[in-house]
Structures are given as C-alpha cells and as structure tokens.
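Per this note's numbering, the very first residue in the sequence shown carries number 2; after that it's consecutive. All C-beta atoms in this analysis are idealised placements derived from N, C-alpha and C, irrespective of residue type, glycine included.
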Amino acid sequence: MGPGGDAARPGRFFGVYLLYCLNPRHRGRVYVGFTVNPTRRVQQHNGGRKKGGAWRTSGRGPWAMVLIVHGFPSAVAALRFEWAWQHPQASRRLAHVGPRLRSEAAFAFHLRVLAHMLRVPPWVRLPLTVRWLRADFRCDLCPPPPPHMPLTFGPPPPRAAAPKRRAGPLADLESEPDQDAESCCALCARSFQDEEGPLCCPHPGCRLRAHVICLAEEFLEKEPGQLLPLEGQCPGCKNSLLWGDLIWLCQMGTEEEEENLELEEEHWTDMLET
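As structure tokens, this is what we get:
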C-alpha cells in the first residue's frame, strides 16, 4: 500500500466537520461546516462573527469540533458533501434517508445522515477518513463506513511541508531518468500537456508516470461499471496502490497556495450562509 495512516503527509487538507454546542442554553445544537484548517476554524467559531465564525454559531459558544471527514480530492468535492449533509432532504442521493424523528436529537440525526452518505455514490468511492476529535462523543455509525474508509481518533496529523517544486517521486532517484520516457505516459505513450500533472508511483525505484485517465482505466478494468477507482496494481512495479494516495501526491501545493485556500474558505462559508 502507499502512504497512509496518521503519518505526516503532503497535500492540501479539505475537511467537513461537525460542531456540538456546549453552552447550557443552547446545548445539543450542531453545525456542519467546511474547513482547510480545523484548529483555526473552531477558534473562529468560538470567537464569534467578528473573528470569522459563522453567524449561526456566533454568540452561542463554546463549540466543540467533535468529528471531521477529510480526504476530499478538492474543495468543490468537500463543499458538495457539506451541502448534502446540511440539506439531506434536498439531496437526491439521500432520498432514502428518513427525516429527523421527533424524539431524535440533532446530533444523532446528523450521524445517521453521515452514515448513509458514506455508503452512496459519489462519496462511497472517495478515499475519505472519518475522524473523531472528541472521544467522549464517539458513537458507532450505522451502517459503518466502507472498508476503505479508515475510522480514526484524535487531531488530524500534521502535514509534511510542501516542497517548492517537484517533478514527482522520481525526483529523489539517484540515477538520471530518461527525459523522453519521463515526458510520455507509460500506458498510452502520449506526451503530457503542460497543464496536466502525471500520476507517479510512490514506491522506491518505480518510474511509472501516467495520465490520470489512463491509470484510472487500468485500475477499473475489474470494475467496468465504476468511474472512480479505489485501488489497483501499479503496471510498473506491481505493488498495490490506493487511488487516494496517488491523488494526494499529485496535488501537493506550495505554502502560498495553502494561505490562499485559508482565505478563500471564509469567502465560501459566507456565500453559503447568506
């Protein structure tokens, strides 16, 4: 398998979280939101609207971030997940999920919705991680997440520093690669365009570089009815690879890009709440 677990890893963080209100006057209220920085975001919620928090949480704190789902391939994917979790009755993907019962707490209802979201397309195919941030709030999801979605506990692991520029895992090899081979896809032999970054096998010594679509088709040969692979065997070194790990490695961003995402997060949140 490729990189995984709680080890520090490069790449952008896109998460959708669940807040729980600890204020006795509003205890039991919950809030679903999107973030690229969980620690900063919960501080904003508890700081109120003037500190960047959402208007629905302002003045009702303290709030605890009890659970976060992360591993989305893009901010758009995370925002769509957030919207469906906030509005399950309006999502055609969740038409089978019953409405909140009179005797059902908001927290329990949101966990019920989440459990079903992780089991339906398109989210069932994503390399997501379900992370409990507060052990005292931990509950079993029913139905449980798919086998490829790990259930973890504690704060998100620190991300490894993103390099300024890197051609991929092959840049660390001692020997100089063949420049012609490096500029072409190993599966279709066509050259890479400037705007598309190739997927590279992270296993030491493997020089596989391929178009995203070419490698996806290779992985999906045993699942012809699917659009997004979960895992597959590297055509070069024959090692097993998780699709989510390949995407993480391909999308490593610079520190400047990370700062821009943090600023854009507040803009997205404001648009969705107005």
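Each of LEU129, LEU127 and THR153 was checked against the Cα of ARG139, and the nearest Cα belongs to THR153. Taking 3 residues as the shortest admissible run, the region 92-148 contains the following complete beta strand (DSSP E) segments, listed from N- to C-terminal end: 130-133. Considered as a whole, the region 221-250 harbours 232-234 and 241-243 as its complete beta strand (DSSP E) runs of no fewer than 3 residues, in chain order. Using a C-beta cut-off of 8 Å, the region 63-73 makes contact with the region 129-136, since at least three inter-stretch Cβ pairs fall below that distance.
When MET118, CYS186 and SER104 are compared, the shortest CA-CA separation from HIS97 is found for MET118.
With at least 16 other beta carbons inside 10 angstroms of its own, PRO146 counts as buried. Distance from the CA atom of ALA65 to the CA atom of VAL121, rounded to whole angstroms, is 28 Å.
Between VAL37 and ARG61 a beta carbon distance of about 23 Å is seen, past the 8 Å cut, so the two are scored as non-contacting. Between the alpha carbons of SER75 and PRO203 lies a gap of roughly 21 Å. Counting C-beta atoms within 10 angstroms of its own C-beta, CYS186 has 16 or more neighbours from the protein chains shown and is therefore classed as buried.
Judged by their CB atoms, PRO144 and ALA109 are not nearer to each other than the 7 Å cut-off. Rounded to the nearest whole angstrom, the C-alpha separation of VAL31 and ARG94 is 22 Å. Beta-bridge analysis with DSSP links TRP64 to CYS22. In summary, GLY16 is buried, with 16 or more beta-carbon neighbours lying within 10 Å of its beta-carbon over all protein chains present. Of the candidates HIS27, PRO123, GLY237 and ASN47, the residue whose Cα lies closest to the Cα of ALA107 is HIS27. For PRO128, the closest of LEU231, THR40, VAL114 and CYS238 by C-alpha to C-alpha distance is LEU231.
Note on ASN24: under 16 other CB atoms within 10 angstroms of its CB, so exposed under the neighbour-count rule. Relative to ARG210, the option among PRO151, PRO225 and CYS189 whose CA is nearest is CYS189.
The beta carbons of LEU247 and LEU200 sit closer together than 7 Å.
In terms of Cβ geometry, GLY237 and PHE220 do not form a close pair [threshold 7 Å]. Membership of GLY48 in the alpha helix (DSSP H) is indicated by the continuous run 39-48.
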